[in-house]
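Novice: Chains A and L are the protein sequences, given in the same order. Here the first sequence is numbered in our numbering, starting from 7 and rising by one per residue. Here the second sequence is numbered in our numbering, starting from 7 and rising by one per residue. We put the CB at the ideal spot given by N, CA and C, even for glycine.
2 protein chains.
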Amino acid sequence: MADVYDRLFMMCKRRGIVYPAFEIYGGTAGLFDFGPLGAEIKRNIQNLWRSFYVLREGCAEIECPAITPFEVLKASGHVDEFTDLLVKCQTCGSSFRADHLVEESGYEGAADALDAVAIDGEIAARGIRCPECKSELGGATPMNLMFSTEIGPGSGRRGFLRPETAQGIFTNFGNLYRFFREKMPFGCVQLGRGYRNEISPRQGMLRMREFGMMEAEIFVDPLEKTHPRFCEVKNEMITLVPASTGRETGMTLGEAVSKGVIVNEALAYFMNFTKEFLFAAGIKEGLLRFRQHLPTEMAHYANDCWDAEIHSERFGWVECVGIADRSAYDVEAHMKSSGCDLSAMRRYDEPREIVRKRIIPDMKKMGPLFKGDAAKVKATLDGMDGEGVCGDVELDIDGKKYLVPSDSYRVEKVTEKTIGERFVPHVIEPSYGLDRIFYMIMEHAFEEGEKEGEPYTVTHLKPSIAPIKAGVFPLVSKDGLPELAFKIDRTLRSFGIQTCYDESGTIGRRYARMDEVGTPYCITIDHKSLEDGTVTVRERDTTGQERVKIEELPSFFSKNALGFF
Amino acid sequence: MADVYDRLFMMCKRRGIVYPAFEIYGGTAGLFDFGPLGAEIKRNIQNLWRSFYVLREGCAEIECPAITPFEVLKASGHVDEFTDLLVKCQTCGSSFRADHLVEESGYEGAADALDAVAIDGEIAARGIRCPECKSELGGATPMNLMFSTEIGPGSGRRGFLRPETAQGIFTNFGNLYRFFREKMPFGCVQLGRGYRNEISPRQGMLRMREFGMMEAEIFVDPLEKTHPRFCEVKNEMITLVPASTGRETGMTLGEAVSKGVIVNEALAYFMNFTKEFLFAAGIKEGLLRFRQHLPTEMAHYANDCWDAEIHSERFGWVECVGIADRSAYDVEAHMKSSGCDLSAMRRYDEPREIVRKRIIPDMKKMGPLFKGDAAKVKATLDGMDGEGVCGDVELDIDGKKYLVPSDSYRVEKVTEKTIGERFVPHVIEPSYGLDRIFYMIMEHAFEEGEKEGEPYTVTHLKPSIAPIKAGVFPLVSKDGLPELAFKIDRTLRSFGIQTCYDESGTIGRRYARMDEVGTPYCITIDHKSLEDGTVTVRERDTTGQERVKIEELPSFFSKNALGFF
């Protein structure tokens, strides 16, 4: 018996929701097409997310290319660290992700945190052999997971497809800071595709090589990791699995922060925001929890990191959103690599006088000594704190060494007026996996039942997520009913409401087709409609019916089925 | 003096509309970031386009991966033919597009239609040298323009980034045909990114390596290239530049089709549809024309092809949309390469009896003769027309030859009932370049004037395209006005209306900031608002003001500034 994933996927394929990509050519693992209804669902999820992050929270949204030059991803650490351990079968040549083989053999814990030596040890100790041909496996080798390409044909200039949309936001920090008129905190989001060249993707829609992401980067002052609206949500309950206990526990956000379970208010606020979004999108209460990263899982620079995990009947708890306090890591990395200043200014309430020791170079001596580099040496000395500086000073500027003799400078106490101090922003990052959320919404909504002895499927999508908002049915295909139904259909569409006009088969059969793909309302136009200008609106979940005036339909649907907050 | 492109781009950069991508790393030619306002404009153009093609025209929308396996693009012809001629400087090593150098030297006509020998001839005859260092150029070499990559790290499986979104639609024809319950004609669209690894992109936003596309593929019966609503538009005027005369001329669509200037009604319908969309998006009348491809430009399989050209003050006439009758080329190519049936059925009004000659193999003889291949040979004979077949029959199946002796089959006259006949669909393809349309809308909207002796810019974007629908201004930052303004701001956002809350500077300065980025309306909250619940709404283009009740604002904006038809 096929399990829920297989049955759901069969329905999705049959009804134009998801197809395996390039299927007529045998398909390509890890790539999927979103069919006419699936693409609508995906867009509805994106638009709901936008209404949370852009309209409600006031984040800016930007769009950057997927093609990314080498330097950017070298700076971010992806060139060196975005790897999985690959093992190859010595006999049939098949490739596998080493940590997946170890996990599937029953290893408890996070196998993806093991290094090559430890993985080789586990493979030997557990007697793991090639899943395809049962032969011996080779040693584990780290393999970079970015899709690599060349920018400019024949140019030799290396680039990659972005592994995440976040880097486009970090590299734009300066532009964004100006856009927000140099006021912190602010958030910027990007919705778009990310790429991960998986070694052997096997979990269907959960492990895609090209996938949808929705990422927010909230830039905050490291001294103020709070949120102006935290007080409004501090009594909200949230289900946590703290790293310290590993056990599921419910508590309020306020409690979690004050007890130090969640590291700061800003992070806690966005965990709650994530919860609200996921419930609004159709994730079932009780099937969502937040699991804290174990020290072995967490990136070295992160202050704290939680995964929103959603429960699947097929896959168990699945990581769908990661919410991390990434400290200043990303912005600092790009400052260092690009040489551009990406700092922000912490303005004082009023200008302050600061007394400091300045190094004053004697340019008459510096000029002959350093020639063309003299200005650079001067600028470096200008930027230094003169406290304690004496004797000959050795400088290292961009890897080149300079010796500044003691008689070519003096140290002087100066009083300067300053309006603030510069700092590198910290980043709170909620990062959402669109396709996993898509699948989970579908699985939670999918109800396989019976009606009059026949299998009957209802997909209980939220109206804002449903790909079709209204089925439009003339009761019979004559007497002017199709013409009136068609007019209603056109009118609803003119208000941005996606419909499905259908005049074939019994009304029951038409309801069934709409119930299966999650259409929340069906409108039936009958002979009475011609007389009194009303139609029957039938609600999917209750199957209740009411008569609605035709001219009230647009506002009925705008209110009930379009996704604003 | 900077020209309009440069001045506009400076404004776009300053105001968060478009940035050069990866600028802190020195930028990458042909890649751009859309800033907070630019990403909104882009999405608004996409959503307006959707309201035309998906909501109004009833097309399905799908989403396919950008990563595409080799086989698909081999079949489509891109592996062999998606090339430009590259010339390299013998001295400094810079690369150039040969046809661009020839065009820039004053060549009249389409230099991109010249082959390598002809281009080399032109370069020699015109004495064209390296634009960078004035040295001699090497010979022209065809260079494939697809970004190439590997699917699965270390797998050796070649793939490309899609050069167009269309192939994802063609390869899904079977799925789409079922989705539309096997009824023709139907349309399918895809909005997404395309990739073209330009040799040396130099025209800014007009020649991007990663760009937005909006493509529609209308599948039609080759015997019926009409459109059900052609009669509604046949008297619409359209500006044409037919290949036969090369001169701009206005005529009605009906006239253009009946005179054979446009090859069929379906193509003419979508040319007009394109015109309507572009005007709705803000392209100025008089600055749009449709130019027919010259025989040398047109793909060999195309029946007819027109470019919608929009006039730019900087670039002259720019191709922004291509509308082609691509015949059965694409679907046939994928049928042949994949071996899958992608044909459609032309149903007869009632079943017909057809008398045909069938070849009946004698399986007692075929079995021993062809062993494991016997079934394949039988299937091939079954599919053949028996008319005129006699003697030994030689078959070629997948490159393997079989000799069927005369005594192993007989030919028989049979009467068969058939409900229709199969055909390969033809495709009408309107294909839109999103970024070029974006730039043209901006250029047409951009008005640089003066106000009180100071430069003053108004960008006359259509309300549906404008990134911000309303500026929300408390007259002063006290007396409870900011609180009321903030509440109005939140309410509008809850209806999906993007706003910009601003309380800094004079009202005039705030209007100026909004005028520059094309905000159609500004709302000012003053002391009277506290008393009578009304606010001032100021219209950008007329600068006229009216008092509107606060509770009527959401419907005012839904009606005036959201982009439904």
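Evaluate the contact criterion for the region 326-334 of chain A versus the region 270-289 of chain A: three or more CB pairs, one atom per stretch, below 8 Å.
Specialist: yes
Novice: Report yes if the CB atom of residue 23 of chain A is closer than 8 Å to the CB atom of residue 37 of chain A, and no otherwise.
Specialist: Taking 8 Å as the Cβ cut-off, residue 23 of chain A and residue 37 of chain A do not qualify as a contacting pair.
Novice: Check whether chain L comes within 8 Å of residue 566 of chain A, counting only Cβ atoms and requiring the distance to be less than that.
Specialist: Cβ-Cβ to chain L under 8 Å: no for residue 566 of chain A.
Novice: Run the CB neighbour count on residue 491 of chain L, radius 10 Å, all protein chains shown included, and call it buried at 16 or more, exposed below.
Specialist: buried
Novice: Since residue 39 of chain L meets chain A, which of its residues come closer than 9 Å, beta carbon to beta carbon?
Specialist: For residue 39 of chain L, the chain A residues whose Cβ falls inside 9 Å of its Cβ are 68, 69, 70, 71, 174, 177, 178 and 181, in order along the chain.
Novice: What is the DSSP secondary structure of residue 322 of chain A, reduced to helix, strand or coil?
Specialist: strand
Novice: Can you tell me the Cβ-Cβ gap for residue 526 of chain A and residue 472 of chain A, rounded? I've got them flagged as a contact below 8 Å.
Specialist: With a Cβ gap of about 5 Å, residue 526 of chain A and residue 472 of chain A count as contacting.
Novice: Considering only residues of the region 290-378 of chain A, which uninterrupted alpha helix (DSSP H) runs meet the minimum length of 4 residues and lie entirely inside it, listed in chain order?
Specialist: 335-344 and 369-376
Novice: Go through the region 484-565 of chain A residue by residue and report every complete run of the alpha helix (DSSP H) that reaches 4 residues or more, in order.
Specialist: 487-500, 513-522 and 533-538
Novice: With DSSP as the reference, label residue 221 of chain L as helix, strand or coil.
Specialist: strand
Novice: Would you say residue 31 of chain L reaches chain A, if we count a Cβ-Cβ gap shorter than 8 Å as a contact?
Specialist: Under the 8 Å criterion on CB atoms, residue 31 of chain L is classed as interfacial with respect to chain A.
Novice: How would you label residue 183 of chain A, buried or exposed, when you count the other beta carbons within 10 angstroms and need 16 or more for buried?
Specialist: buried
Novice: Does residue 339 of chain A have its Cβ less than 8 Å from a Cβ in chain L?
Specialist: no
Novice: From which residue to which residue does the alpha helix (DSSP H) around residue 96 of chain A run?
Specialist: For residue 96 of chain A, there is no enclosing alpha helix (DSSP H), as DSSP marks it with neither H nor E.
Novice: Could you tell me whether the region 207-217 of chain A touches the region 238-258 of chain A, where touching means 3 or more Cβ pairs closer than 8 Å?
Specialist: no
Novice: Closest by CA to residue 304 of chain A, which one among A/542, A/242, A/111 and A/119?
Specialist: A/119
Novice: What do you get for residue 313 of chain A, buried or exposed, if any count of 16 or more other CB atoms within 10 angstroms of its CB means buried?
Specialist: In this structure residue 313 of chain A is buried. Its beta-carbon is surrounded by 16 or more other beta-carbon atoms within 10 angstroms.
Novice: Using a Cβ-Cβ cutoff of 9 Å, what residues of the region 115-142 of chain A are near chain L? List them in chain order.
Specialist: none
Novice: Strictly below 8 Å CB to CB, what residues from chain A border residue 346 of chain L?
Specialist: The answer, in chain order, is 30.
Novice: Rounded to the nearest angstrom, what separates residue 153 of chain A and residue 220 of chain A at their Cα positions?
Specialist: One C-alpha to the other measures close to 20 Å.
Novice: Using a Cβ-Cβ distance cut-off of 8 Å, determine whether residue 216 of chain A contacts chain L.
Specialist: yes
Novice: Nearest-angstrom Cα distance between residue 14 of chain L and residue 155 of chain A?
Specialist: 32 Å
Novice: Interface residues of chain L around residue 499 of chain A at Cβ under 7 Å?
Specialist: 61 and 62
Novice: Report yes if the C-beta distance between residue 436 of chain L and residue 226 of chain L is below 8 Å; otherwise report no.
Specialist: If you check the CB distance, residue 436 of chain L and residue 226 of chain L do not come in under 8 Å.
Novice: List, in order along the chain, the chain L residues whose C-beta lies closer than 7 Å to that of residue 447 of chain A?
Specialist: The CB of residue 447 of chain A never comes closer than 7 Å to any CB in chain L; the least such distance is about 16 Å.
Novice: Compare the C-beta of residue 473 of chain A with all C-beta atoms of chain L and state if any pair is closer than 8 Å.
Specialist: Using a Cβ-Cβ cut-off of 8 Å, residue 473 of chain A does not count as an interface residue toward chain L, since no Cβ of chain L sits closer than that to its own.
Novice: Check the Cβ of residue 149 of chain A against every Cβ in chain B and list those closer than 9 Å, keeping chain order.
Specialist: The structure shown contains no chain B; its protein chains are A and L.
Novice: Excluding the five sequence neighbours on either side, which residues of its own chain have a C-beta within less than 7 Å of the C-beta of residue 95 of chain A, listed in chain order?
Specialist: Within the same chain, residue 95 of chain A has close Cβ partners 136, 138, 139, 141 and 143.
Novice: Counting pairs of Cβ atoms below 8 Å between the region 157-174 of chain A and the region 125-132 of chain A, do you hit three or more?
Specialist: Taking 8 Å as the limit for Cβ pairs, the verdict is that the region 125-132 of chain A does not touch the region 157-174 of chain A.
Novice: Classify residue 209 of chain A as helix, strand or coil using the three-state DSSP reduction.
Specialist: Residue state, collapsed to three classes: coil.
Novice: If you reduce the DSSP assignment to three classes, tell me which class residue 150 of chain A lands in.
Specialist: strand
Novice: Does DSSP put residue 170 of chain A in a helix, in a strand, or in coil?
Specialist: DSSP, read as helix, strand or coil, puts residue 170 of chain A in coil.
Novice: Whose C-beta lies closer than 8 Å to the C-beta of residue 81 of chain L among residues of the same chain, with five residues either side of it excluded?
Specialist: 339, 340, 342, 343 and 344
Novice: Report all residues from its chain with a CB closer than 7 Å to the CB of residue 351 of chain L; omit the five preceding and five following residues, and keep chain order.
Specialist: Closer than 7 Å at the Cβ level, and outside the excluded window around residue 351 of chain L, lie 188, 426 and 428.
Novice: Please report the straight-line C-alpha distance between residue 594 of chain A and residue 346 of chain L, rounded to a whole angstrom.
Specialist: This structure does not reach residue 594 of chain A, given that chain A is present from 7 up to 571, and the question cannot be answered.
Novice: Kindly say whether residue 370 of chain A, judged by its beta-carbon, lies nearer than 8 Å to any beta-carbon of chain L.
Specialist: no
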